[in-house]
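**Q**
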Amino acid sequence: MVTFRWMIFHTIFIALSLWHSSHANIGYFWQITDIHLDLNQSSNGIRDKYCLRQNGAPYRPTEGRFGDHACDSPIALVESAIRAMKKVTGERIEFILWTGDTISHAMHGSEEHFNEETLFDVLSNVTSLLKKEFPMSNVYPVLGNLDWHPRFGMQPGSETFKNRLQRFSSLWQQWVPPESSATFATGGYYAIEPKDKKPRLLILNTSLYHKKSNKIPTNDNDPAHQFRWLTKMLKEARERSETVYIIGHIPPGNPERYLSNRLGLASYQDSFTKRYIELVREFHSVIAGQFFGYFHSDSFRVFYKKMDKDQGKFLLREPISYLFIAPAVSPRKSLLADEIGPNNPGIRLYKYNTTSGEIHDYIQYFLNLTEANEKNHDDWQILYNLTSYYDLPNVTAKSLSDLAFALNTKDNPLFSRYYRANSVGYQEDSKSCSNLCQRTHFCVITNVDQTDYERCIQTVLSTFGTACKHHTSALQSFSLFLVVTSVVRWILTI
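What follows is the structure, given as structure tokens:
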């Protein structure tokens, strides 16, 4: 953890670096994600009721004005995060990635607090904050699954879908250029082609691919024609010798922190995951980076070249691309599984080559929520610097793959560092993470494809199943899950 004095020094250093970057092709951009702003939240609210203002309910006050690990973000926390971003870099920066889920879970949990107007009220509030603090910079918003009413209710082609996207477009017209409005109106996705700097930004609406998107017909293999558009953009980039960033909210693959209640909880429909991976494999030479949120945790994924059928060993795979998952501003503990603890709020600053798009490094900032509430002061600090924290020679698919395999080594101190970062400094060490837990992180990071993930997990279960007695029910449940999945796939091939 970095002291406040060091953060001031680092802020000066970043400012000087930004001034120098125009001559060195070095730039910086922010990523802020999973804000989950709740305008109804109160420090006098009820923790068991999303920290909302309640009358006549048992009184269990929240932890303080910057929020509570039982709840989403109050306005004070969101304002604090955006002000901290400006404090580090000033109001002028290359761009900001705002990667979705700005609406709180509580609003979706109660129709009393949620409708289309309250949705746009929240989005307008955050839009105004970003415009106020960064009037000279472009912000590129991404639609999250909770940024819709009802959630997972996107229905491409419907009047509601078109009308709501038009409202989004009007709200963000300062940032989403006219040439991008056609695809945004079609499906909530768009491209940004900087006039004087590369890479091209491809902003996706990956909520369309989620398993719970119940308005997408089962026979629709390309919702809103987004894959067709993405393929076209990637082909153009390759023909022009350009590079691209792929940006979205929900990433493909599994969450790395689910062990007991929701084993193997893949985000996408399996066919959409496979299609996404195929595109990454085909166009990896032009993909300079992939940036997502959604899981609230700090992690990454590595994509590998497709293996021949007789190459079953993971060590033989060639890493070709990577994906970063940035942690949430919201500190809320997930209700999906017991092992998913809370996280501290986080924001991330990337350093990159403005010509090639190569990521040189990133700095992860965080707010110790408990201390902030106790002191009534928002002291955002540096949690870690990617390359020095993990002793990486560079930021490439190869170096991140090597890191992933190091994390899979028993008693490796790198895993303790990773596990602390994974919760944004909330978990001080990895003592609570069993062998099964550690191997699950490895399998998720290195196997975006569901079939590959299941194969990896089966190896883990056969190795550690008898040793992990406290996970017996989890192992049995997941073994049953794998059997059922295999049977269903066999039936579908008949």
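Those letters in the sequence shown? Residues -24 to -1, 1 to 470, by mature numbering (1 follows the signal peptide of the UniProt record, and there is no 0).
From the three backbone atoms N, C-alpha and C, an ideal C-beta is built for every residue, glycine too.
If you reduce the DSSP assignment to three classes, tell me which class Gly333 lands in.
**A** As a working note, residue 333 is residue 357 in the sequence shown. It is coil, neither helix nor strand.
**Q** In the DSSP assignment, what residue or residues form a beta bridge with Trp6?
**A** Translated into the one-based positions of the sequence shown, residue 6 becomes position 30. DSSP lists Ile72, Leu325 as partners of Trp6.
**Q** Under three-state DSSP, which class holds Leu99?
**A** If you number the sequence shown from 1, residue 99 lands on position 123. It is helical.
**Q** What does the alpha-carbon distance come out to for the pair Asn197 and Ser247?
**A** In the sequence shown, residue 197 corresponds to position 221, counting from 1. In the sequence shown, residue 247 corresponds to position 271, counting from 1. Their backbone Cα atoms lie some 8 Å apart in a straight line.
**Q** Over the uninterrupted beta strand (DSSP E) stretch that includes Gln150, give me the two end residues.
**A** By 1-based counting over the sequence shown, the position of residue 150 is 174. Element bounds for Gln150: n/a, residue is neither H nor E.
**Q** Output the boundary residues of the beta strand (DSSP E) element that contains Ser56.
**A** In the sequence shown, counting from the first residue as 1, residue 56 sits at position 80. Looking at the DSSP string, Ser56 is not in any beta strand (DSSP E); the run it does join, the alpha helix (DSSP H), is 51 to 65.
**Q** On the three-state DSSP scale, how would you describe Ile301?
**A** Position 325 of the sequence shown holds residue 301. In the structure shown, Ile301 sits in a strand (DSSP, three-state: E or B).
**Q** Determine, using beta-carbon pairs with one atom in the stretch 341 to 348 and one in the stretch 118 to 129, whether at least three such pairs fall under 8 Å.
**A** The stretch 341 to 348, when compared against the stretch 118 to 129, does not touch it at the 8 Å Cβ threshold.
**Q** For His186, which beta-bridge partners are listed by DSSP?
**A** Here the question's residue 186 lines up with position 210 in the sequence shown. According to DSSP, His186 bridges with Tyr244.
**Q** When burial is assigned at 16 or more other CB atoms within 10 Å of the CB, is Ser113 buried or exposed?
**A** As a working note, residue 113 is residue 137 in the sequence shown. Burial call: buried.
**Q** Just checking my contact of Ala82 with Asp10 at CB under 8 Å: how many whole Å lie between their CB atoms?
**A** Here residue 82 is taken as the residue at index 106 of the sequence shown, counted from 1. Here residue 10 is taken as the residue at index 34 of the sequence shown, counted from 1. Contact doesn't hold; Cβ gap of about 14 Å is too wide.
**Q** Count the other CB atoms within 10 Å of the CB of Gly133; is the residue buried (16 or more) or exposed (fewer)?
**A** Your numbering for residue 133 matches position 157 in the sequence shown. That one is exposed.
**Q** How many whole angstroms separate the CB atoms of Phe5 and Ile72, which I take to be in contact at a CB cut-off of 8 Å?
**A** Within the sequence shown, residue 5 is the residue found at index 29, counting from 1. Within the sequence shown, residue 72 is the residue found at index 96, counting from 1. About 6 Å; that satisfies the 8 Å criterion.
**Q** Counting Cβ pairs closer than 8 Å, one from the stretch 317 to 335 and one from the stretch 49 to 64, do we hit at least three?
**A** Counting Cβ pairs under 8 Å, three or more are found: they touch.
**Q** So, using beta-carbon positions, are Pro321 and Val262 closer together than 9 Å?
**A** On the sequence shown, residue 321 is found 345 positions in, with the first residue counted as 1. On the sequence shown, residue 262 is found 286 positions in, with the first residue counted as 1. No; because the gap between Cβ atoms is not below 9 Å, this pair is not in contact.
**Q** What's the gap between the Cα of residue 481 and the Cα of Ala382?
**A** No answer is possible for residue 481: the residues shown for the chain start at -24 and end at 470.
**Q** What residues in its chain sit with their C-beta under 6 Å from that of Pro295, if we drop five residues either side in the sequence?
**A** The residue you call residue 295 lines up with position 319 of the sequence shown. Closer than 6 Å at Cβ, skipping near neighbours: Val278, Tyr280, Ala373, Lys374, Ser377.
**Q** Give the straight-line distance between the Cα atoms of Ser104 and Ile69, rounded to the nearest whole angstrom.
**A** As a first step, residue 104 must be located in the sequence shown, where it is residue number 128. As a first step, residue 69 must be located in the sequence shown, where it is residue number 93. In a straight line, the C-alpha of Ser104 is about 17 Å away from that of Ile69.
**Q** Within a Cβ cutoff of 7 Å, which residues of the same chain sit near Leu141, ignoring the five residues on either side of it in sequence?
**A** The residue given as residue 141 occupies position 165 in the sequence shown. Excluding positions up to five away in sequence, the list reads Phe160, Ala161, Gly164.
**Q** Starting from Ile192, trace the alpha helix (DSSP H) both ways and give me its first and last residue.
**A** In the sequence shown, the residue the question calls residue 192 occupies position 216. Per DSSP, Ile192 belongs to no alpha helix (DSSP H) and is neither H nor E.
**Q** Where does the unbroken beta strand (DSSP E) through Ser275 begin, and where does it stop?
**A** In the sequence shown, residue 275 corresponds to position 299, counting from 1. From DSSP, the beta strand (DSSP E) with Ser275 extends over 275 to 280.
**Q** For Leu362, which of helix, strand or coil comes out of DSSP?
**A** Along the sequence shown, one-based indexing puts residue 362 at 386. Correct three-state label for Leu362: helix.
**Q** Taking only three categories from DSSP, how would you classify Val424?
**A** Along the sequence shown, one-based indexing puts residue 424 at 448. Val424: coil per DSSP, three-state reduction.
**Q** For His201 and Gly269, which I take to be in contact (beta-carbon distance under 8 Å), what is that distance rounded to the nearest angstrom?
**A** The residue you call residue 201 lines up with position 225 of the sequence shown. The residue you call residue 269 lines up with position 293 of the sequence shown. Actually they do not touch by this definition, with Cβ atoms about 24 Å apart.
**Q** With Asn398 as the anchor, note down where its beta strand (DSSP E) starts and where it stops.
**A** Walking along the sequence shown from the start, residue 398 turns up at place 422. Asn398 -> not in any beta strand (DSSP E); alpha helix (DSSP H) instead, spanning 389 to 398.
**Q** Measuring alpha carbon to alpha carbon, tell me which of Gln414, Ile8, His45 ends up nearest Ala348.
**A** Counting from 1 along the sequence shown, the entry for residue 348 is found at position 372. Answer by Cα proximity: His45.
**Q** Are there 16 or more other CB atoms within 10 angstroms of the CB of Arg36, so buried, or fewer, so exposed?
**A** Start at 1 with the first residue of the sequence shown, and residue 36 comes out as number 60. At Arg36, the pLDDT of 46 sits below 50, so the modelled position is not reliable and the matter cannot be decided from this model.
**Q** Compute the Euclidean distance between the alpha carbons of Arg216 and Phe128, then round it to the nearest angstrom.
**A** Start at 1 with the first residue of the sequence shown, and residue 216 comes out as number 240. Start at 1 with the first residue of the sequence shown, and residue 128 comes out as number 152. So the two alpha carbons sit approximately 36 Å from each other.
**Q** Here's the rule: buried if 16 or more other CB atoms are within 10 angstroms of the residue's CB, otherwise exposed. What is Lys174?
**A** Position 198 of the sequence shown holds residue 174. Label assigned to Lys174: buried.
**Q** Determine the burial state of Thr331: buried for a count of at least 16 other Cβ atoms within 10 Å of its Cβ, exposed for fewer.
**A** The sequence position of residue 331 within the sequence shown is 355, counting from 1. Result: exposed.
**Q** What would DSSP say about Tyr402, mapped onto helix, strand or coil?
**A** As a first step, residue 402 is located in the sequence shown; it is residue number 426 there, counting from the start. The answer is coil: DSSP assigns Tyr402 none of H, G, I, E or B.
**Q** Which two residues bound the contiguous beta strand (DSSP E) that contains Leu177?
**A** Here residue 177 corresponds to residue number 201 of the sequence shown, with the count starting at 1. Leu177 -> beta strand (DSSP E) spans 176 to 179.
**Q** Just to confirm the assignment, what range does the beta strand (DSSP E) spanning Asn158 have?
**A** As a first step, residue 158 is located in the sequence shown; it is residue number 182 there, counting from the start. Note that residue 158 is Ala in the sequence shown, not Asn. Where Ala158 is concerned, there is no enclosing beta strand (DSSP E), although the alpha helix (DSSP H) it sits in stretches over 157 to 163.
**Q** Which residues in the same chain as Leu178 place their Cβ atom closer than 6 Å to its Cβ, once the five residues preceding and following it in sequence are excluded?
**A** In the sequence shown, counting from the first residue as 1, residue 178 sits at position 202. Only Ala167, Met209, Val220, Ile222 meet the Cβ criterion.
**Q** Using the DSSP secondary-structure output, state which residues sit across from Gln340 in a beta bridge.
**A** The residue labelled residue 340 in the question sits at position 364 within the sequence shown. In the DSSP output, where bridge partners are listed per residue, Gln340 has Arg324, Tyr360.
**Q** Quick one: Cα of Arg214 to Cα of Phe203, how far?
**A** Within the sequence shown, residue 214 is the residue found at index 238, counting from 1. Within the sequence shown, residue 203 is the residue found at index 227, counting from 1. Taking the straight line from one Cα to the other gives about 16 Å.
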